[in-house]
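Report on the structure given below.
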Amino acid sequence: MIKVGIVGGTGYTGVELLRLLAQHHQVSVEAITSRSEAGVKVCDMYPNLRGHYDALTFSEPDAKALGSMDAVFFATPHGVAHALAGELLDNGTRVIDLSADFRLRDADEWSRWYDQPHGAPELLNEAVYGLPEMHREQIKKARLIAVPGCYPTAVQLGYLPLLEAGLIDPGHLIADCKSGVTGAGRGAKVASLLAEASESMKAYGASGHRHLPEIRQGLGDMQPSAVGLTFVPHLTPMIRGIHATLYSTLTSESGDLQALFEQRYANEPFVDVMPAGSHPETRSVKGNNTCRIAVHRPGNGNTVVVLSVIDNLVKGASGQAIQNLNLMFDLEENMGLNAPALMP
Ligand SMILES: NC(=O)C1=CN([C@@H]2O[C@H](COP(=O)(O)OP(=O)(O)OC[C@H]3O[C@@H](n4cnc5c(N)ncnc54)[C@H](OP(=O)(O)O)[C@@H]3O)[C@@H](O)[C@H]2O)C=CC1
Ligand SMILES: CC(=O)N[C@@H](CCC(=O)OP(=O)(O)O)C(=O)O
Numbered sequence: 001m002i003k004v005g006i007v008g009g010t011g012y013t014g015v016e017l018l019r020l021l022a023q024h025h026q027v028s029v030e031a032i033t034s035r036s037e038a039g040v041k042v043c044d045m046y047p048n049l050r051g052h053y054d055a056l057t058f059s060e061p062d063a064k065a066l067g068s069m070d071a072v073f074f075a076t077p078h079g080v081a082h083a084l085a086g087e088l089l090d091n092g093t094r095v096i097d098l099s100a101d102f103r104l105r106d107a108d109e110w111s112r113w114y115d116q117p118h119g120a121p122e123l124l125n126e127a128v129y130g131l132p133e134m135h136r137e138q139i140k141k142a143r144l145i146a147v148p149g150c151y152p153t154a155v156q157l158g159y160l161p162l163l164e165a166g167l168i169d170p171g172h173l174i175a176d177c178k179s180g181v182t183g184a185g186r187g188a189k190v191a192s193l194l195a196e197a198s199e200s201m202k203a204y205g206a207s208g209h210r211h212l213p214e215i216r217q218g219l220g221d222m223q224p225s226a227v228g229l230t231f232v233p234h235l236t237p238m239i240r241g242i243h244a245t246l247y248s249t250l251t252s253e254s255g256d257l258q259a260l261f262e263q264r265y266a267n268e269p270f271v272d273v274m275p276a277g278s279h280p281e282t283r284s285v286k287g288n289n290t291c292r293i294a295v296h297r298p299g300n301g302n303t304v305v306v307l308s309v310i311d312n313l314v315k316g317a318s319g320q321a322i323q324n325l326n327l328m329f330d331l332e333e334n335m336g337l338n339a340p341a342l343m344p
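The sequence shown maps to residues 1 to 344 in the UniProt record's numbering.
This is the structure we're talking about:
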């Protein structure tokens with residue numbers, strides 16, 4: 001059994017790790033932290049987990065206890081993994097960080113977007129960006145994984161086949177994205193109140209969101225030219241889900257785009273290219289680690305429209321984190337991640 005710890009077990013991605021790992025036959029969750037709920041039994045706070053983690057109790061984060069694990073997930077706000085990751089790695093514990101602490105290769109750029117100094121620039125060289133569809137071989141050898149953000153996962157998987165094939169202009173990309181409210185975390189915020197978020201929809205971060213440099217870096221790794229990206233996120237009245245509508249312009253004769261996408265993702269266990277003409281729904285991936293994609297070329301013109309949907313808490317966070325763990329520990333990539341989506 002692989003012994004794992006979770007730092008930040010009371011948040012939405014932390015409890016989603018617990019839900020998914022309850023179905024994983026090779027992992028045992030032995031430590032889970034929360035400063036505010038230390039001493040509380042996991043099942044008393046989350047009754048959906050009764051019968052799965054009856055002996056597990058939240059405790060204060062403790063580097064020594066976490067250092068006795070084979071792997072530790074960080075499901076914490078930005079900056080927390082910076083402070084603890086080095087010590088854990090020195091103890092031989094592998095680190096899978098769901099926050100943005102190690103996603104950007106440039107520490108100064110990270111500081112600008114996250115408005116705080118980078119706490120562990122010495123670890124950036126060895127951090128691997130945990131998007132298996134791009135970096136599977138590096139993930140298998142990694143000790144430190146930066147799990148991609150939710151919007152960046154949906155956007156990068158949507159553009160990947162087109163950029164790798166050199167078919168579109170990378171200088172003029174537009175990503176129009178929608179998120180459910182769990183994307184904002186479990187902490188109390190006015191914008192997440194029912195009366196604020198339901199029956200309404202709004203854009204935010206239109207002139208600069210912290211996922212912009214992360215997406216730009218990822219799209220830059222797919223092809224040699226400079227990336228020009230407009231990224232506009234929106235908050236929508238749903239609990240889970242990301243819907244990305246991705247626009248780009250063809251620069252050469254494209255051939256069969258449907259076949260291109262099907263071939264690129266033929267061996268990917270968690271990317272589903274839908275039949276031509278489809279419009280994937282967020283509810284088709286709810287609770288599930290799949291990214292469903294459809295590619296359109298309206299009026300057979302030069303504009304390509306890709307539709308990409310994921311569950312922000314699964315392929316956008318905890319499911320992808322477990323996919324990375326499976327690769328790092330040489331397990332079946334889909335172990336613990338096989339349950340179909342909840343519909344309706
Ligand atoms: N929600 C989403 O859809 C996604 C989230 N992410 C990222 O994953 C991370 C977790 O997100 P989410 O689960 O939504 O967050 P939440 O706000 O829901 O939960 C945060 C958790 O971290 C703990 N925590 C907070 N501060 C500290 C600290 N200083 N030291 C130790 N533990 C701390 C909290 O418990 P306590 O305060 O009791 O210790 C809580 O359990 C974030 O970095 C987020 O950006 C990534 C992709 C998608
Ligand atoms: C709806 C909502 O608020 N979404 C969050 C992003 C989700 C997320 O947690 O991303 P990181 O892992 O990069 O922090 C936001 O826009 O800030």
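For every residue, glycine included, the Cβ atom is placed at its ideal position computed from N, Cα and C.
Would you please state the rounded distance, in angstroms, between the beta carbons of residue i and residue j? I believe it to be under 8 Å.
i	j	result
Tyr53	Val29	7 Å
Ala120	His82	4 Å
Arg186	Tyr12	5 Å
Val27	Phe74	About 16 Å; that fails the 8 Å criterion.
Pro237	Glu199	6 Å
Can you name, in chain order, every residue of its own chain whose Cβ lies under 7 Å from the Cβ of residue i, other than the five neighbours on each side?
i	result
Met69	Lys3, Val4, Gly5, Glu30, Ala31 and Thr93
Glu133	Leu157, Leu160, Glu268 and Val271
Ile239	Gly180, Val181 and Thr182
Glu109	Pro213
I'd like to check one pair, residue j with residue i: are the Cβ atoms closer than 8 Å?
i	j	result
Gly171	Ser225	yes
Val305	Thr245	yes
Val271	Leu157	yes
Gln217	Arg105	yes
Ile145	Asn324	yes
Pro340	Asn288	yes
Leu56	Val40	no
Val147	Gly166	no
Gly85	Phe58	The displayed chain sequence assigns Ala, not Gly, to residue 85. For Ala85 and Phe58, no; Cβs fall outside 8 Å.
Lys178	His243	yes
Asn338	Gly241	no
Met113	Arg210	First, the amino acid is wrong: residue 113 is Trp here, not Met. In this structure, Arg210 lies closer than 8 Å to Trp113 by Cβ.
Arg283	Pro344	yes
Is residue i near ligand 2, in the sense that its beta carbon is under 7 Å from a heavy atom of that ligand?
i	result
Leu327	no
Ala100	yes
Cys177	no
Ala184	yes
Pro213	no
Pro233	yes
Val95	no
Val181	yes
Where do the ends of the beta strand (DSSP E) carrying residue i lie?
i	result
Pro213	Looking at the DSSP string, Pro213 is not in any beta strand (DSSP E); the run it does join, the alpha helix (DSSP H), is His211 to Gly220.
Thr93	Note, Thr93: premise wrong, no beta strand (DSSP E); not H, not E.
residue 349	With the chain covering 1 to 344 only, the question about residue 349 has no answer from this structure.
Ile322	Unbroken run through Ile322 is the alpha helix (DSSP H), Gly319 to Met328; no beta strand (DSSP E).
Asp64	Rather than Asp, the amino acid found at residue 64 in this sequence is Lys. Counting along the chain, Lys64 falls outside any beta strand (DSSP E), though it belongs to the alpha helix (DSSP H) covering Ala63 to Leu66.
Ala146	Leu144 to Ala146
Ala244	Ile242 to Thr249
Ala71	Ala71 to Phe74
Ala197	Unbroken run through Ala197 is the alpha helix (DSSP H), Leu194 to Ala197; no beta strand (DSSP E).
Phe231	Leu229 to Leu235
Asp54	Segment: none, Asp54 is in no beta strand (DSSP E) and carries neither H nor E.
His78	Taken as a continuous stretch (DSSP letters only), His78 belongs to no beta strand (DSSP E), as it is neither H nor E.
Leu307	Thr303 to Ile310
Val295	Cys291 to His296
Leu5	Before going further, note that residue 5 is Gly rather than Leu in the sequence given. Taken as a continuous stretch (DSSP letters only), the beta strand (DSSP E) holding Gly5 covers Ile2 to Val7.
Note the first and the last residue of the continuous alpha helix (DSSP H) segment covering residue i.
i	result
Leu20	Tyr12 to Leu21
Pro152	Cys150 to Glu164
Phe261	Leu257 to Arg264
Glu30	No alpha helix (DSSP H) holds Glu30; the beta strand (DSSP E) holding it covers Val27 to Thr33.
Tyr114	Ala107 to Tyr114
Asp44	Val42 to Met45
Could you check if residue i belongs to the surroundings of ligand 1, using beta carbon to heavy atom distance under 7 Å?
i	result
Asn125	no
Asn324	no
Gly208	no
Pro61	yes
Gly9	yes
Arg264	no
Pro237	no
Cys150	yes
Arg136	no
Ser308	no
Gly14	yes
Leu313	yes
Thr282	no
In chain order, what residues of the same chain have a beta carbon less than 8 Å from the beta carbon of residue i, not counting five sequence neighbours either side?
i	result
Tyr46	Val15 and Leu18
Ile215	Tyr151, Pro152, Val155, Gln156, Ala175, Leu229 and Phe231
Val190	Glu196
Could you pull out every residue in the same chain whose Cβ sits closer than 6 Å to the Cβ of residue i, ignoring the five residues on either side in sequence?
i	result
Val227	Pro170, Arg216, Leu219 and Gly220
Ala184	Ser192
Phe261	Pro161, Val273 and Val295
Lys286	Arg240, Asp311, Ala341 and Leu342
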